[in-house]
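Novice:
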Ligand SMILES: O=c1[nH]c(=O)c2ncn([C@@H]3O[C@H](COP(=O)(O)OP(=O)(O)OP(=O)(O)O)[C@@H](O)[C@H]3O)c2[nH]1
Ligand SMILES: [Mg+2]
C-alpha cells in the first residue's frame, strides 16, 4: 500500500479512476463529473492500493446497453456522472464457470489495454436446467429469441431463474482481477415489454408484476443483477480509494 499526495475530485474514489483532468491543481475546479457545472476540487491524501493512478479505467465491452446501464447506475450511486472510457475489443470467452470466464476476459482486456480494465459477464440461469444456459445465454438468445427461450421451459413447472452479473476489475495490466457479483431472482415468463435488450422481456423479478423490459430504466436499475454487482464494485472502490 502506497501513501502519497494525490489530486482527486470530490466524488468517492471513483474519481481517482475516472477523472482525466489531472491538470487541475489544489483548490481549482474540475467539471468532469458534474455535467458542465464547475465543482470544487481539493487536494487530499489518498490511500491507493496499486491502481495505475494516471490511467483512466476502461470498461471493455461490445455491449452498448451494458455500458449505458453501468453509467446510469454509477451516476445514481455516486450522485454524479462518472467518466468511464469504453473500448470494444473482441474478448475471447472461455468455456467453464462464470467466474473463470469473467476473470479470463479481464486478464485479456487489461493486457490489451496495458492498464486498469473493467469487464462484465452476464448469465441467465434456469433453475430447472441446473443453471444453464448461464454464461452461454447470448447464443441461446441469438438462435431462439426471447420466445424460444421461454418455450424451452414448457415441460417444466419450475420457471425460476437467476440473473447474474459479474464485474471483473484488474487494477493494472498484470494484476489479478477482483470479482463483484450481483444476482436477482425471478421467473421466466412469456415475453412482455420493450425489445431493446436481450432477454429482458422474459425475466420477471420476484416481488414485481413487470418484466425487466416493462420497467423504466430507473426501476430496473434499482433492483437489477447489474445494479447489485455495481454496488459492490463501487463499495470496493470507495474502500480502497477513499481520500484520507
Ligand atoms: O435482457 C438482458 N438484460 C440484461 O441486463 C443483460 N445483460 C446482458 N444481457 C445479454 O446476455 C448476454 C450476455 O453475454 P455477455 O455477458 O458475454 O455480453 P456481451 O457479449 O453482449 O458483451 P461483452 O461480453 O462484450 O461485455 C448477451 O446476449 C447480452 O446482450 C442482457 N440481456
Ligand atoms: Mg460477451
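In full-length UniProt numbering, the protein residues as written are 1 to 244.
Yeah, the Cβ is synthetic: ideal placement off N, Cα and C, and Gly gets one too.
Taking 8 angstroms as the threshold (beta carbon to beta carbon), is residue 62 in contact with chain B?
Specialist: Protein chain content of the structure displayed is limited to a single chain, and chain B is not contained in it.
Novice: Here's the rule: buried if 16 or more other CB atoms are within 10 angstroms of the residue's CB, otherwise exposed. What is residue 108?
Specialist: The residue in question, residue 108, is buried, as its Cβ has 16 or more Cβ neighbours within 10 Å.
Novice: Pick out whichever of 97, 67 and 132 has its Cα sitting closest to the Cα of residue 83.
Specialist: Comparing Cα-Cα distances from residue 83 to each of 97, 67 and 132, the minimum goes to 67.
Novice: With DSSP as the reference, identify every bridge partner of residue 123, one or two as the case may be.
Specialist: Answer is 164, bridged to residue 123.
Novice: With a cut-off of 8 angstroms, do at least 3 Cβ pairs link the region 131-143 to the region 203-214?
Specialist: Taking 8 angstroms as the limit for Cβ pairs, the verdict is that the region 203-214 does not touch the region 131-143.
Novice: Which complete alpha helix (DSSP H) runs does the region 81-150 hold, if anything under 4 residues is left out?
Specialist: Within the region 81-150, the complete alpha helix (DSSP H) runs of at least 4 residues are 98-113.
Novice: What are the start and end residues of the alpha helix (DSSP H) that includes residue 78?
Specialist: Element bounds for residue 78: 64-78.
Novice: For residue 193, report the span of its alpha helix (DSSP H) as first-last.
Specialist: It is not in any alpha helix (DSSP H) - residue 193 carries neither H nor E in the DSSP assignment.
Novice: Would the region 150-163 and the region 89-99 be scored as touching if the rule is three or more Cβ pairs under 8 angstroms?
Specialist: No, because fewer than three Cβ pairs between the region 150-163 and the region 89-99 fall closer than 8 angstroms, the two stretches do not touch.
Novice: Thinking C-alpha only, which one of 134, 145, 111 and 60 is nearest residue 119?
Specialist: Of the candidates 134, 145, 111 and 60, the one whose C-alpha sits nearest the C-alpha of residue 119 is 60.
Novice: How would you write the range of the beta strand (DSSP E) that residue 218 sits in, first residue to last?
Specialist: No beta strand (DSSP E) holds residue 218; the alpha helix (DSSP H) holding it covers 217-223.
Novice: I need the boundaries of the beta strand (DSSP E) containing residue 60, first residue and last residue.
Specialist: Where residue 60 is concerned, the enclosing beta strand (DSSP E) stretches over 58-60.
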